[in-house]
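Last residue of the sequence shown: 233 (the numbering used here), numbering continuous. Glycine is no exception: its CB is placed at the ideal position from the N, C-alpha and C atoms. Inspection log for the structure reproduced underneath, given as structure tokens.
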Amino acid sequence: MLSSAQLNTMLTLQDKMNQKVNPQWLTAGYQYLRAAMIEAVEGIEHHGWKWWKAQQKDLAQLQMELVDIWHFALSAIIIDFDGDIQRSAQTIADQLAANTESVTFDGVEYLFLEQDILDNLELMVGLCAAKRFSVPLFIKIVEQAEMTSDELYRQYVGKNVLNFFRQDHGYKEGSYIKIWQNREDNEHLVDVLNQLDIHAQSYSEDVYQGLAARYPKDQ
Numbered sequence: 015m016l017s018s019a020q021l022n023t024m025l026t027l028q029d030k031m032n033q034k035v036n037p038q039w040l041t042a043g044y045q046y047l048r049a050a051m052i053e054a055v056e057g058i059e060h061h062g063w064k065w066w067k068a069q070q071k072d073l074a075q076l077q078m079e080l081v082d083i084w085h086f087a088l089s090a091i092i093i094d095f096d097g098d099i100q101r102s103a104q105t106i107a108d109q110l111a112a113n114t115e116s117v118t119f120d121g122v123e124y125l126f127l128e129q130d131i132l133d134n135l136e137l138m139v140g141l142c143a144a145k146r147f148s149v150p151l152f153i154k155i156v157e158q159a160e161m162t163s164d165e166l167y168r169q170y171v172g173k174n175v176l177n178f179f180r181q182d183h184g185y186k187e188g189s190y191i192k193i194w195q196n197r198e199d200n201e202h203l204v205d206v207l208n209q210l211d212i213h214a215q216s217y218s219e220d221v222y223q224g225l226a227a228r229y230p231k232d233q
């Protein structure tokens with residue numbers, strides 16, 4: 015289960031990233047759950063669902079979609095609590111501690127613990143379309159995609175910090191260098207993440223410094 019320290023780190027990072035995009039993001043009316051819905055549909059595509067053609071599950075891409083969904087879900091939750099990170103974190107923690115096994119949608123109770131990942135992704139699509147999000151359902155889908163809560167945290171923080179790093183090094187202006195030593199920044203990020211302790215209080219700062227140590231110094 016996600017720890018309170020992990021929840022606070024992720025919510026704080028999400029708030030900071032959203033402020034970087036728009037300082038008034040809390041009242042901008044952005045449809046974060048619509049974005050989460052689209053990512054969930056893309057997750058279904060990466061898993062494969064078509065019975066009329068051969069398909070191969072792309073687990074890595076499916077996991078990436080789930081990380082993106084989490085970005086949007088955290089944003090929606092922060093808005094629900096008017097930017098209060100502590101209340102947002104406590105609400106998520108309470109939902110996870112409740113050990114909920116089902117979701118009621120359109121008058122029907124869905125036992126998501128007994129459903130397969132495709133049915134659960136579809137259920138999440140419906141909930142997001144109705145401007146609702148179930149953290150327990152999402153975490154179940156994460157598990158079905160062969161990710162632990164720690165791995166969700168690791169990938170989330172990595173992607174978020176990389177986005178910060180890009181912005182701080184000229185991404186918006188077009189001066190950012192995406193390929194270092196013949197490798198893309200995403201590949202360097204994987205190396206950095208593999209060297210760090212995700213339970214460290216300074217984890218997000220450590221990821222940023224790890225990227226900075228690798229980035230070309232003459233730029």
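For residue 118, list the residues DSSP reports as bridge partners. 123
Less than 8 Å separating the beta-carbons of residue 25 and residue 80? no
Whole-angstrom distance between residue 121 and residue 204, CA atom to CA atom: In this structure, the alpha-carbon of residue 204 lies about 43 Å from that of residue 121.
Using DSSP bridges, identify the partner residues of residue 193. 198
For residue 212, the three-state DSSP class (helix, strand or coil): coil
With distance defined between alpha-carbon atoms, name the residue in 111, 197 and 160 nearest to residue 17. 111
Integer-rounded CB distance, given that residue 228 should sit under 8 Å from residue 202: 5 Å
Option nearest residue 127 by Cα separation, candidates 143, 100 and 155: 155
Are the beta-carbon atoms belonging to residue 217 and residue 210 less than 8 Å from one another? In this structure, residue 210 lies closer than 8 Å to residue 217 by Cβ.
Can you tell me whether DSSP reads residue 161 as helix, strand or coil? coil
If you drop the 5 nearest sequence neighbours on each side, which residues of the same chain put their C-beta closer than 6 Å to that of residue 183? 190
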